[in-house]
Amino acid sequence: MKSQFNFQRVFSELLFRTLLTLLLLLNFASPPAVQAKAASNAALLKQGRKLVNEKKHKEAQAVFEKILLTEPRNAEACAGLAWSLFSQGQRDKAETYAKKSIEIDDKFPMAHNVMGAIYFAQGKVEEAKNEFRTVLRIDPKRRCGGCADLRGLLGNDIPQVQNTKGIKYKD
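The number in our numbering is simply the position in the sequence shown, starting from 1, with 47 added.
Now the structure itself:
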(Lines of atoms letter the chains of each structure in order from A and count residues from 1; the text may use other names and numbers.)
(Lines give C-alpha, C1' and ligand atoms only; values in the text may rest on other atoms or scores of the structure.)
Protein backbone atom coordinates (compact mmCIF):
# COMPACT_ATOMS: atom_id res chain seq x y z
CA MET A 1 0.00 0.00 0.00
CA LYS A 2 1.40 3.28 -1.09
CA SER A 3 0.93 6.39 1.02
CA GLN A 4 0.05 9.47 -0.98
CA PHE A 5 0.55 13.04 0.19
CA ASN A 6 -2.77 14.90 0.22
CA PHE A 7 -1.89 18.57 -0.20
CA GLN A 8 -5.51 19.73 -0.17
CA ARG A 9 -6.22 18.02 3.16
CA VAL A 10 -3.10 19.47 4.82
CA PHE A 11 -3.86 22.94 3.50
CA SER A 12 -7.48 22.76 4.72
CA GLU A 13 -6.41 21.67 8.20
CA LEU A 14 -3.78 24.41 8.38
CA LEU A 15 -6.27 27.04 7.25
CA PHE A 16 -8.86 25.80 9.76
CA ARG A 17 -6.36 25.89 12.66
CA THR A 18 -5.17 29.37 11.70
CA LEU A 19 -8.70 30.74 11.52
CA LEU A 20 -9.64 29.08 14.80
CA THR A 21 -6.57 30.59 16.50
CA LEU A 22 -7.41 34.05 15.16
CA LEU A 23 -11.02 33.79 16.33
CA LEU A 24 -9.94 32.71 19.80
CA LEU A 25 -7.41 35.53 20.01
CA LEU A 26 -9.98 38.09 18.93
CA ASN A 27 -12.56 36.72 21.33
CA PHE A 28 -10.25 36.82 24.33
CA ALA A 29 -8.41 40.01 23.38
CA SER A 30 -11.47 42.20 22.85
CA PRO A 31 -13.22 42.19 26.25
CA PRO A 32 -10.32 43.75 28.19
CA ALA A 33 -9.92 46.39 25.48
CA VAL A 34 -13.65 47.09 25.57
CA GLN A 35 -13.60 47.19 29.37
CA ALA A 36 -10.63 49.56 29.35
CA LYS A 37 -12.42 51.90 26.93
CA ALA A 38 -15.57 51.81 29.07
CA ALA A 39 -13.55 52.56 32.22
CA SER A 40 -11.72 55.37 30.45
CA ASN A 41 -14.99 56.87 29.19
CA ALA A 42 -16.57 56.56 32.65
CA ALA A 43 -13.65 58.54 34.09
CA LEU A 44 -13.98 61.10 31.30
CA LEU A 45 -17.74 61.44 31.93
CA LYS A 46 -17.02 62.10 35.60
CA GLN A 47 -14.43 64.71 34.62
CA GLY A 48 -16.87 66.30 32.14
CA ARG A 49 -19.63 66.53 34.77
CA LYS A 50 -17.17 68.14 37.18
CA LEU A 51 -16.12 70.71 34.58
CA VAL A 52 -19.77 71.53 33.79
CA ASN A 53 -20.46 72.05 37.51
CA GLU A 54 -17.43 74.35 37.67
CA LYS A 55 -18.78 76.22 34.61
CA LYS A 56 -15.65 75.37 32.61
CA HIS A 57 -17.67 74.74 29.48
CA LYS A 58 -14.87 74.93 26.91
CA GLU A 59 -12.87 72.29 28.80
CA ALA A 60 -16.00 70.17 29.30
CA GLN A 61 -16.70 70.40 25.57
CA ALA A 62 -13.26 68.94 24.80
CA VAL A 63 -13.82 66.06 27.24
CA PHE A 64 -17.25 65.15 25.84
CA GLU A 65 -15.95 65.39 22.27
CA LYS A 66 -13.12 63.01 23.19
CA ILE A 67 -15.64 60.46 24.48
CA LEU A 68 -17.71 60.76 21.32
CA LEU A 69 -14.67 60.02 19.15
CA THR A 70 -14.54 56.48 20.56
CA GLU A 71 -18.20 56.06 21.48
CA PRO A 72 -20.39 58.18 19.19
CA ARG A 73 -23.66 56.81 20.63
CA ASN A 74 -22.93 57.75 24.24
CA ALA A 75 -26.12 59.56 25.23
CA GLU A 76 -24.64 61.14 28.35
CA ALA A 77 -21.65 62.52 26.44
CA CYS A 78 -24.02 63.95 23.80
CA ALA A 79 -26.10 65.59 26.54
CA GLY A 80 -23.01 66.97 28.26
CA LEU A 81 -21.67 68.32 24.98
CA ALA A 82 -25.07 69.89 24.27
CA TRP A 83 -25.02 71.69 27.64
CA SER A 84 -21.42 72.83 27.15
CA LEU A 85 -22.20 74.18 23.68
CA PHE A 86 -25.40 75.89 24.84
CA SER A 87 -23.51 77.53 27.69
CA GLN A 88 -21.08 78.97 25.13
CA GLY A 89 -23.90 80.37 23.00
CA GLN A 90 -23.75 77.71 20.28
CA ARG A 91 -27.48 76.93 20.25
CA ASP A 92 -27.69 75.17 16.88
CA LYS A 93 -24.93 72.69 17.69
CA ALA A 94 -26.32 72.27 21.21
CA GLU A 95 -29.74 71.42 19.82
CA THR A 96 -28.24 68.83 17.47
CA TYR A 97 -26.45 67.04 20.30
CA ALA A 98 -29.37 67.30 22.73
CA LYS A 99 -31.68 65.72 20.15
CA LYS A 100 -29.11 63.01 19.43
CA SER A 101 -28.85 62.24 23.16
CA ILE A 102 -32.63 61.98 23.47
CA GLU A 103 -32.78 59.77 20.37
CA ILE A 104 -30.19 57.39 21.86
CA ASP A 105 -31.63 57.34 25.38
CA ASP A 106 -34.32 59.73 26.56
CA LYS A 107 -33.52 59.27 30.27
CA PHE A 108 -30.81 61.91 30.63
CA PRO A 109 -32.30 65.03 32.22
CA MET A 110 -29.49 67.25 30.95
CA ALA A 111 -30.53 66.72 27.31
CA HIS A 112 -34.14 67.71 28.08
CA ASN A 113 -32.86 70.62 30.18
CA VAL A 114 -30.86 71.89 27.20
CA MET A 115 -33.83 71.50 24.86
CA GLY A 116 -36.01 73.38 27.35
CA ALA A 117 -33.47 76.21 27.55
CA ILE A 118 -33.18 76.35 23.75
CA TYR A 119 -36.95 76.45 23.29
CA PHE A 120 -37.25 79.11 25.99
CA ALA A 121 -34.57 81.23 24.28
CA GLN A 122 -36.49 80.86 21.00
CA GLY A 123 -39.68 82.07 22.69
CA LYS A 124 -41.29 78.61 22.46
CA VAL A 125 -42.49 78.66 26.05
CA GLU A 126 -44.89 75.70 25.85
CA GLU A 127 -42.25 73.47 24.23
CA ALA A 128 -39.79 74.60 26.91
CA LYS A 129 -42.26 73.74 29.66
CA ASN A 130 -42.82 70.30 28.14
CA GLU A 131 -39.07 69.62 28.20
CA PHE A 132 -38.79 70.86 31.79
CA ARG A 133 -41.74 68.64 32.77
CA THR A 134 -39.85 65.72 31.25
CA VAL A 135 -36.80 66.65 33.36
CA LEU A 136 -38.97 66.50 36.49
CA ARG A 137 -40.53 63.18 35.45
CA ILE A 138 -37.05 61.70 35.18
CA ASP A 139 -35.72 63.38 38.33
CA PRO A 140 -38.42 64.97 40.55
CA LYS A 141 -35.85 66.77 42.75
CA ARG A 142 -34.07 68.30 39.79
CA ARG A 143 -33.13 71.95 39.53
CA CYS A 144 -32.37 73.61 36.24
CA GLY A 145 -28.65 74.24 35.81
CA GLY A 146 -28.09 77.95 36.34
CA CYS A 147 -31.74 78.96 36.62
CA ALA A 148 -34.45 78.98 39.24
CA ASP A 149 -36.21 75.89 40.50
CA LEU A 150 -38.15 74.37 37.59
CA ARG A 151 -41.28 74.28 39.69
CA GLY A 152 -41.28 78.09 39.72
CA LEU A 153 -41.39 78.18 35.93
CA LEU A 154 -44.04 75.49 35.67
CA GLY A 155 -46.18 76.79 38.53
CA ASN A 156 -48.75 74.28 39.72
CA ASP A 157 -48.49 72.39 36.44
CA ILE A 158 -45.78 69.98 37.56
CA PRO A 159 -45.75 66.27 36.79
CA GLN A 160 -46.65 63.85 39.54
CA VAL A 161 -44.91 60.91 37.88
CA GLN A 162 -42.13 59.46 39.98
CA ASN A 163 -39.04 57.65 38.78
CA THR A 164 -40.38 54.13 39.33
CA LYS A 165 -37.27 52.30 38.19
CA GLY A 166 -35.15 53.62 41.05
CA ILE A 167 -32.52 54.82 38.59
CA LYS A 168 -30.40 57.77 39.60
CA TYR A 169 -29.51 60.16 36.84
CA LYS A 170 -26.59 62.53 37.15
CA ASP A 171 -25.24 65.30 35.00
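Note that the Cβ used here is the ideal one computed from N, Cα and C, for glycine as well.
My output table needs one value for residue i: the three-state DSSP class, helix, strand or coil.
i, result
"K176", "helix"
"K97", "helix"
"V53", "Position check: residue 53 holds Asn in this sequence, whereas Val was assumed. DSSP places N53 in coil when its eight states are reduced to three."
"K171", "coil"
"Q135", "coil"
"E150", "helix"
"E112", "helix"
To the nearest angstrom, how far is the alpha carbon of residue i from that of residue j?
i, j, result
"L62", "N53", "14 Å"
"A158", "L66", "45 Å"
"R40", "F155", "Examination of residue 40 is not possible in this model, given that the chain is present from 48 through 218 alone."
"K188", "L116", "32 Å"
"Q135", "F179", "21 Å"
"V99", "F58", "59 Å"
"Q108", "K171", "26 Å"
"K146", "D153", "9 Å"
"K140", "K84", "26 Å"
"Q55", "R64", "14 Å"
"I114", "A126", "12 Å"
"N88", "K97", "14 Å"
Assuming residue i contacts residue j (C-beta within less than 8 Å), just tell me the rounded distance between them.
i, j, result
"A124", "F133", "A124 to F133, Cβ: 15 Å. No contact."
Hey, could you find the ends of the alpha helix (DSSP H) residue i is sitting in?
i, result
"P156", "P156 to A168"
"R189", "Taken as a continuous stretch (DSSP letters only), R189 belongs to no alpha helix (DSSP H), as it is neither H nor E."
"K103", "No alpha helix (DSSP H) contains K103, which DSSP labels as neither H nor E."
With a threshold of 6 Å (Cβ to nearest heavy atom), would residue i be considered close to the ligand SAM?
i, result
"N53", "Ligands are entirely absent from the displayed structure, and the ligand SAM is therefore not among its contents."
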